[in-house]
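Engineer: Position in the sequence shown (first residue = 1) + 1106 = my numbering. Every residue gets a Cβ at the ideal spot worked out from N, C-alpha and C, and that includes glycine.
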Amino acid sequence: MLAAWACDPSRSRGRRHREASASDRSEHQRDRDRIVHSTAFRRLVYKTQVFLNHEGDLFRTRLTHSLEVAQLGRSVARRLSLGEDLVEAMALAHDLGHTPFGHAGQDALQQCMSEHGGFEHNLQSLRVVDQLEKRYPDFDGLNLTFEAREGILKHCSRRHAARLEAIEPGGVGRRFLDGTQPSLEAQIVNLADGMAYNAHDIDDGLRSGLLRLEMLDEVPLYRRLHSDVLRDHPGLDRQPGRRVIFEVQRRLLSLQVNDLVDTTEAALRDAAPGSADAVRRSPPLARFSDALREENRELETFLFRALYRHPQVEDSTAKARKVVAELFEAYRSAPDEMPEDFRQEEDRHRAVADYIAGMTDRFAIREHHRLTGSSLFGQGF
Ligand code: MG
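#1: What residues are listed by DSSP as bridge partners for R1121?
#2: What number of angstroms, rounded off, separates the C-alpha of D1246 from the C-alpha of S1118?
#3: Return helix, strand or coil for T1370, following the three-state DSSP convention.
#4: Could you tell me whether the segment 1219-1232 touches the segment 1157-1169, using the rule of 3 or more Cβ pairs below 8 Å?
#5: Compute the Euclidean distance between the alpha carbons of Y1461 and V1335, then round it to the nearest angstrom.
#6: Straight-line CA distance for E1174 to D1284?
#7: Looking at the unbroken alpha helix (DSSP H) that takes in K1425, where does it start and where does it end?
#8: Measuring only from the beta carbon, is Y1303 closer than 8 Å to any heavy atom that is part of the ligand MG?
#9: What three-state label does DSSP hand T1466 in the structure shown?
#10: Would A1110 and P1288 be called neighbours here (beta carbons separated by less than 9 Å)?
#11: Taking the alpha carbon of P1206 as the point to measure from, which residue in A1199, A1214 and H1200 has its own alpha carbon closest?
#12: Ordered along the chain, which non-local residues of its own chain (more than five positions away) have a Cβ less than 7 Å from that of E1256?
#13: With a CB to CB cut of under 7 Å and the five nearest residues on each side skipped, what residues in its chain are close to V1325?
#14: Can you round the beta-carbon distance between E1251 and H1134 to whole angstroms, since I take them to be within the 8 Å contact cut?
#15: Is there at least one non-hydrogen atom of the ligand MG closer than 8 Å to the beta-carbon of D1307?
#16: For H1200, count the other beta carbons within 10 Å of its own beta carbon; 16 or more makes it buried, fewer makes it exposed. Which is it?
#17: Hey, which unbroken runs of the alpha helix (DSSP H) at 4 residues or more fall wholly within the segment 1231-1313?
#18: Give a yes or no on whether the C-beta atoms belonging to N1249 and R1131 are separated by under 9 Å.
#19: Return helix, strand or coil for T1167, following the three-state DSSP convention.
#20: Put T1205 into one of helix, strand or coil per three-state DSSP.
#21: Would you list the residues sitting across from T1154 in a DSSP beta bridge?
#22: What would DSSP say about D1453, mapped onto helix, strand or coil?
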C-alpha cells in the first residue's frame, strides 16, 4: 500500500512518447527494467567510483555503488510506504551519465566543454535516458516516465534548466527555476547516494591501505560505533580478517537508515502532504536529524582530506584528467575516429563529450593509447 504522498505509478505523469501500458508491470517497474537492459547500465561495471577499476577487484565501481544505493533506497522507501520500484529505477540510473575515472573525468570534460555549452553529469544521465540510448524503433532514449526522469536530474544549473523548460514546458527542468522539490522517492535516492558512498569509501579506503582505522578515530561518529562494536564483541579486533570493519559498516548504515526513516516520518506527520504534488511544493521532507547531519558532515570532511586528496588518488586523478583532455582534442580534430552515430551529430563538441562520457575507464585508456601512442597507466589494457 502506497502512502498518500507517494508517487503512484497508476497516476504517472506519463512518458514523452505515448506508449500502451503493460498489463503485467507498473509504469515504474517498466522504467527500472529498461534501465537494467540499457547499454549505459552495463558500462557502469567498468567505471570508477574512487579507485580506478584496475587497481583492485574488490573496490566499488559505479555499478556496485548504484546497487548499494538501490538497496538502501528501497529499504527506506518500504518503511515509508513509498514507491520502491521508482526508487530502484532512479538509484540504478542516477550515475549513468558519469564519465570514466569518476570526478577527475568529469572535471576534465567540464573544462573541455566550458566554452561549448558545459558538461554536468546529472544532466548527462538525463541525456543518456532521453536521447543517447538508441534501442527502440520509434524513439531515441528509454522513454522513461516523468517521475523517473525527475529524480535522475538531481541537480541542474539555471541555464540548462531554462533550456530544458523551453523544450519541455512544465517538465523536469521546471523545479530548478521555481525552487520546488522533487518527489519524496527522489529525495530518498539522493540521500541514499550519500549514505552509500560515505560508508563504502571508508571501506574501500581501508582496503586500499590509504586509510587506517586509527585515522578514523578523529571522526566522532566512526569512533563511537567502533567502540560500541568492541564493547559488544571484545577481542574482535584481534581476530584475523575484517569483521570489525564490516560490523562498524553495518551499524553505520543501519543508523543512517533508521535516522532517515524516523526524521522523515516526523516531518511527514507535521506537514501531512496530501499528494506527491503537495510534497513537491513543500520544503524538503526527507532528511536526517540535525545531529546526524552534522556527524555526516564531519565524516565527509575527513574523507575529502584523507582519501579524495590523498597523493596516490591525486596521482591517478591527474593522469585521468590528461587522458580525457587529450581524447577530447583527438576526436575534436579527427571526428572520423568516432563511430558513425557520433560523427553525424551537428554539434561536434557535444558529440565528442557524449562519446567520451559513455566510455569505461579501460576503453578510454585503450583509445588514448591508440590515438596518442602514450600509456599513462602502463601496459595491460
Ligand atoms: Mg552516486
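Structural biologist: Well, looking at it:
#1: T1251
#2: Roughly 21 Å separates the two Cα atoms.
#3: Looking at T1370 - three-state DSSP - the assignment turns out to be helix.
#4: With a cut-off of 8 Å, the segment 1157-1169 and the segment 1219-1232 do not count as touching, because too few Cβ pairs lie within range.
#5: 47 Å
#6: 32 Å
#7: P1417 to S1439 is the span of the alpha helix (DSSP H), which, as asked, contains K1425.
#8: yes
#9: coil
#10: no
#11: A1214
#12: V1278, P1288, S1289 and A1292
#13: E1404, L1405 and F1408
#14: Checking the sequence, you will find Thr at residue 1251 rather than Glu. Contact holds; Cβ gap of about 7 Å.
#15: No, the ligand MG has no heavy atom inside 8 Å of this Cβ.
#16: buried
#17: Counting only runs of 4 or more, we get 1252-1258, 1264-1273 and 1280-1284.
#18: no
#19: Three-state result, T1167: strand.
#20: Secondary structure of T1205 (DSSP, three-state): coil.
#21: Residue pairing by DSSP places T1154 opposite T1167 in a beta bridge.
#22: Under the three-state reduction of DSSP output, D1453 falls in the coil class, being neither helix nor strand.
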